[in-house]
Amino acid sequence: MAGRVVKRAFKYRFYPTAVQAEQLARTFGCTRYVYNRALAERSRTWSQEQRRVTYSDTSRMLTGWKRDTETAWLSEPSKGPLQESLRQLQGAFDRFWRKQSRYPQFKRKGHSKDSATYYANCFTYRGGQIRLAKQSEPLDIRWSRPLPEGCAPSQVTVSRHARGRYHISILVEDTIPEHPPTDRVVGLDAGITSLYTLSTGEKITNPRHERKDRERLAKAQRALAKKKKGSRNRAKARLKVAKIHGRITDRRRDYLHTLSTRLVRENQVIAIEDLSVRNMVRNRSLSRAISDASWSEFRSMLEYKADWYGRRVVAIDRFCPSSKTCSVCGAIASTMPLNVREWACRCGAVHDRDVNAAKNIVAVGLTVTACGDGVRPPRT
Ligand SMILES: [Zn+2]
């Protein structure tokens, strides 16, 4: 069976011990220091001598800083993250020279996300556990999904968010066998009462816990609204909202990974709706914003997984009146208010609103795949 070698990043939350947290904080401090000092050197050399400093120049500087008694503490953390910090700076300059971004900025404590990248020689992966260089304990990682069997991680990046959450992103090279071809196709409607509805009639509901979490979120938001601007309590309340929000997003992401993997395995073609404009006219409540963000994330999961496994995702035009068209006879109902969950067509077909929409989406999707891209369904 054909296989493709791809690099995949797997992201997990982890909980450092007090010792690890302290050591990571020092490492983050060092990566930030190295980045900022190298940036200052580059700027100075350019403005005073009109000379460009290269990555290897900065790498030599780093060796010098480590020998300098004043900055000898730079030799304490693993050297990998410091080198990577210089590489990131090089990347920032490359983008600047190609006119793709602004002049690199200093990293400010508490303002930019802290992160440190470790290459294969700076961490070990054994027995399902990851140990960073210079740490005796493995990281307490919440393995929300397994790493591919027998994979060898080539690099890991640990990061800390402003609200004190730690994540590790593990990069692995993986050989992905293409799925055997199938003639199954599916249409997907992003719904209101269900998360998604499939053209097979299956309804995908929100992940377990989400309703409870959302109630908590609403409560925390109400509490936040009552706090005085600029007060300590307000800051605390804001942190609480951010935490609950983060948990909802994390759980939903895991859930969408499972779902997208399954849909790609089961179907040759997955037809979805291009929601970019539909979203703009909807009201932007926070819960809506979560759904919308997860929709675009879900779409990209479907797309890259389809690409890995030799499947196809077709995003159909937003002008397709998928909710109003009868999937049996093609008649178009004149109106279809959002509160109508079930309706009967003149032809006698009785439709569940979302299932009918999903059926239309897959029908249009198949027309598009048959005719090539760029074909629009007729407008009403
Ligand atoms: Zn009909």
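With the first letter of the sequence shown counted as 1, position 266 gets the number 910 in the working numbering; the numbers rise by one all the way through. The beta-carbon is built from N, C-alpha and C at its ideal position, and this holds for glycine as well.
| Query | Result |
| --- | --- |
| Can you tell me the Cα-Cα spacing of R804 and Y953, whole angstroms? | 33 Å |
| Tell me the rounded alpha-carbon separation between R676 and E986. | 57 Å |
| Between the stretch 787–807 and the stretch 889–904, can you find at least three pairs of beta-carbon atoms closer than 8 Å? | yes |
| Measure the CB-CB distance between N911 and R955 and report whether it falls below 8 Å. | yes |
| For R990, which of T801, D784, G772 and S971 has the nearest alpha-carbon? | S971 |
| Count the other CB atoms, across all protein chains shown, that sit within 10 Å of the CB of F740; report buried if there are 16 or more and exposed otherwise. | exposed |
| Kindly identify the DSSP beta-bridge partner or partners of Y769. | I774 |
| State the Cα-Cα distance for the pair F658 and N877, rounded to the nearest angstrom. | 27 Å |
| In the DSSP assignment, what residue or residues form a beta bridge with G708? | DSSP, once it has assigned bridges, lists no residue as partnering G708. |
| Of the choices R746, Q744, S798 and A760, whose alpha-carbon is the least far from that of T768? | S798 |
| Looking only at its chain, what residues have a beta carbon closer than 7 Å to the beta carbon of D827, apart from the 5 residues adjacent to it on each side? | Q912 |
| Give the DSSP-derived three-state secondary structure of S798 in the structure shown. | strand |
| Does D857 come out as helix, strand or coil in the three-state DSSP assignment? | helix |
| Please say whether S703 and Q727 have beta carbons closer to each other than 8 Å? | yes |
| Across the stretch 732–748 and the stretch 664–672, are there enough close Cβ pairs to call them in contact, namely three or more that are closer than 8 Å? | no |
| Under 5 Å from any heavy atom of ligand 3, by CB: list those residues in chain order, please. | Inclusion of ligand 3 in the displayed structure is not the case, the ligand content consisting of ligand 1 alone. |
| Kindly indicate which residue of A975, W717, S813 and V908 has the alpha-carbon position closest to the one of H995. | A975 |
| Rounded to whole angstroms, what's the CA-CA distance from S722 to Q773? Just pull it up for me. | 19 Å |
| Can you list, in chain order, the residues of its chain with a C-beta nearer than 6 Å to that of A1007? Leave out the 5 residues immediately preceding and following it. | none |
| Comparing C-alpha positions only, which one of S729, K880 and L903 sits nearest to I848? | L903 |
| To the nearest angstrom, report how far apart Y656 and G992 are at their CA atoms. | 50 Å |
| Going by the beta-carbon positions, is the gap between L832 and I888 smaller than 8 Å? | no |
| Note down, in chain order, each residue of its chain lying with its Cβ closer than 6 Å to the Cβ of Y763, except the 5 sequence neighbours on either side. | G724 and Q799 |
| My guess is that L783 and V830 are in contact by the Cβ rule of under 8 Å, so how many angstroms apart are they, rounded? | That belief does not hold up - the Cβ atoms of L783 and V830 are roughly 38 Å apart, past 8 Å. |
| Just to check my reading of the structure: V650 and I812 have Cβ atoms closer than 8 Å, yes? What is that Cβ distance to the nearest angstrom? | With a Cβ gap of about 20 Å, V650 and I812 do not count as contacting. |
| From I1005 to K872, what distance separates their C-alpha atoms? | 48 Å |
| Identify whether Y810 lies in helix, strand or coil by the three-state DSSP scheme. | strand |
| Taking only the alpha-carbon atoms, compute the straight-line gap between D818 and R652 and give it to the nearest angstrom. | 7 Å |
| Would you mind reading off the limits of the alpha helix (DSSP H) that contains V663? | A662 to E693 |
| I need the straight-line Cα distance from K751 to Y679, nearest angstrom please. | 8 Å |
| Which class does F942 belong to by DSSP, given the choice of helix, strand or coil? | helix |
| Which residues does DSSP pair with P821 in a beta bridge? | G647 |
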